[in-house]
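The next block holds one structure in the form of structure tokens; read it before the comments.
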Amino acid sequence: MFVDVHSHVVPSGDDGVGSVEEGLALCRDAHAHGTSLLFATPHVWPQLPLTEDREEEIRRAYAEMAPVAAEAGLDLRLGFELTPAPALLEEDLTRFTLGALPAVLMELPFAGPLDLSQRVAEEIEARGLTPVIAHPERADRVIDDPEIAAGYAERGWLLQVNATSLLEYHGEAPFDTGWLLVERGLADLVASDGHRPARPPLLDDAHAAVRRRIGERGDALFNGAALGRLASVAERV
Numbered sequence: 021m022f023v024d025v026h027s028h029v030v031p032s033g034d035d036g037v038g039s040v041e042e043g044l045a046l047c048r049d050a051h052a053h054g055t056s057l058l059f060a061t062p063h064v065w066p067q068l069p070l071t072e073d074r075e076e077e078i079r080r081a082y083a084e085m086a087p088v089a090a091e092a093g094l095d096l097r098l099g100f101e102l103t104p105a106p107a108l109l110e111e112d113l114t115r116f117t118l119g120a121l122p123a124v125l126m127e128l129p130f131a132g133p134l135d136l137s138q139r140v141a142e143e144i145e146a147r148g149l150t151p152v153i154a155h156p157e158r159a160d161r162v163i164d165d166p167e168i169a170a171g172y173a174e175r176g177w178l179l180q181v182n183a184t185s186l187l188e189y190h191g192e193a194p195f196d197t198g199w200l201l202v203e204r205g206l207a208d209l210v211a212s213d214g215h216r217p218a219r220p221p222l223l224d225d226a227h228a229a230v231r232r233r234i235g236e237r238g239d240a241l242f243n244g245a246a247l248g249r250l251a252s253v254a255e256r257v
């Protein structure tokens, strides 16, 4: 069974699902395709910050969805996906953790400098948390220089590659870079980044592709092994 650390299946006002019903349909689909633990990670954008009102609405939707998902066999947990912004440097970053895990999911910009991303990740680290870098293979600076990602990995930051990148949904450059990170052993997690019915939170096709390329050692990218290095997922409920 798969652990998926990145999805947008809880309605939050971002570009993910628009309703609890739509989100639950994706949860059932994810479970039917082999996912047993799914983190919902609503976007926290500069233009869509996590205000108290927004957080309350998200947590209310999550509280409605989690028991229904559990009845269907899926463990649904809540985190957030940060887009680097100066305001985050003044935030209590512990409010954005992946459930009870001491980790925060943070994306890199698809284009442009990574200086602010580095500062936010270092601030996450300074709070005793581990940055989980979402889809670095889609960032133009990493595509141009994959050693940037290698540097993150050397610091102990976790690298999360999108399943869709490995299936070439985002073009040739993210496909090549994603596979480079996987084959060099730099990637720690493969996640769906599922948003809606047209982009569902599925991992089975990517898992099969990884198995074909690198064999059984690729299973660790899908079973949450990297999260277990931070803390046992089961023990941190």
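Counting from 1, position 9 in the sequence shown corresponds to residue 29 in this note's numbering; the numbering is continuous, with no gaps. By construction, the Cβ of each residue, glycine as well, lies at the ideal position given by its N, Cα and C atoms. Quick caveat: nothing in here was measured; it's all calculated off a predicted structure.
Check your understanding: Roughly how many angstroms lie between the CA atoms of glutamate 255 and aspartate 49, to the nearest whole one?
Key -> For the purposes of this step, residue 255 is taken as residue 235 along the sequence shown, with counting starting at 1. For the purposes of this step, residue 49 is taken as residue 29 along the sequence shown, with counting starting at 1. Confidence at glutamate 255 is low in this model, with a pLDDT of 46, below 50, so the placement of that residue should be treated as unreliable; the coordinate-derived value is given next. Rounded to the nearest angstrom, the two C-alpha atoms are 26 Å apart.
Exercise for review: Tell me whether alanine 79 sits in a helix, a strand or coil according to DSSP, three-state version.
Suggested key: Here residue 79 refers to the residue found at position 59 when the sequence shown is read from its first residue. Checking the displayed sequence, the identity of residue 79 turns out to be arginine instead of alanine. It is helical.
Practice item. Run the CB neighbour count on arginine 80, radius 10 Å, all protein chains shown included, and call it buried at 16 or more, exposed below. Key: Looking up residue 80 in the sequence shown gives position 60. Classification of arginine 80: exposed, given that the 10 Å Cβ count is below 16.
Practice item. Using the Cα positions of alanine 229 and proline 220, report the straight-line distance between them to the nearest angstrom. Key: Start at 1 with the first residue of the sequence shown, and residue 229 comes out as number 209. Start at 1 with the first residue of the sequence shown, and residue 220 comes out as number 200. For alanine 229 and proline 220, the distance between alpha carbons rounds to 17 Å.
**Study point:** Environment of glutamine 180 [buried if 16+ CB atoms lie within 10 Å]
**Key:** Position 160 of the sequence shown, counted from the first residue, corresponds to residue 180. Buried, since its Cβ has 16 or more Cβ neighbours within 10 Å.
Check your understanding: Which ranges does the alpha helix (DSSP H) cover as unbroken runs of at least 4 residues, wholly within the region 60-142, from first to last along the chain?
Key -> 72-91
Exercise for review: Determine the DSSP secondary structure at valine 257, reduced to helix, strand or coil.
Suggested key: As a position in the sequence shown, residue 257 is number 237, starting the count at 1. Residue confidence for valine 257 is low, a pLDDT of 38 falling below 50, so the modelled location carries little weight; the figure read from the coordinates is stated next. In the structure shown, valine 257 sits in coil (DSSP, three-state: anything other than H, G, I, E or B).
**Study point:** Any 3 or more C-beta pairs closer than 8 Å across the region 60-74 and the region 241-252
**Key:** no
Review point. Can you name, in chain order, every residue of its own chain whose Cβ lies under 7 Å from the Cβ of serine 185, other than the five neighbours on each side?
Key: Start at 1 with the first residue of the sequence shown, and residue 185 comes out as number 165. Closer than 7 Å at the Cβ level, and outside the excluded window around serine 185, lie His155, Glu157, Arg158, Pro194, Phe195 and Gly198.
Review point. For valine 30, which of Asp112, Tyr189, Val23 and Glu101 has the nearest alpha-carbon?
Key: By 1-based counting over the sequence shown, the position of residue 30 is 10. Among Asp112, Tyr189, Val23 and Glu101, the Cα nearest to that of valine 30 is on Glu101.
Check your understanding: Roughly how many angstroms separate the alpha carbons of alanine 173 and alanine 207, rounded to a whole number?
Key -> Against the sequence shown, residue 173 aligns to sequence position 153. Against the sequence shown, residue 207 aligns to sequence position 187. Rounded to whole angstroms, alanine 173 to alanine 207 spans 8 Å at the Cα level.
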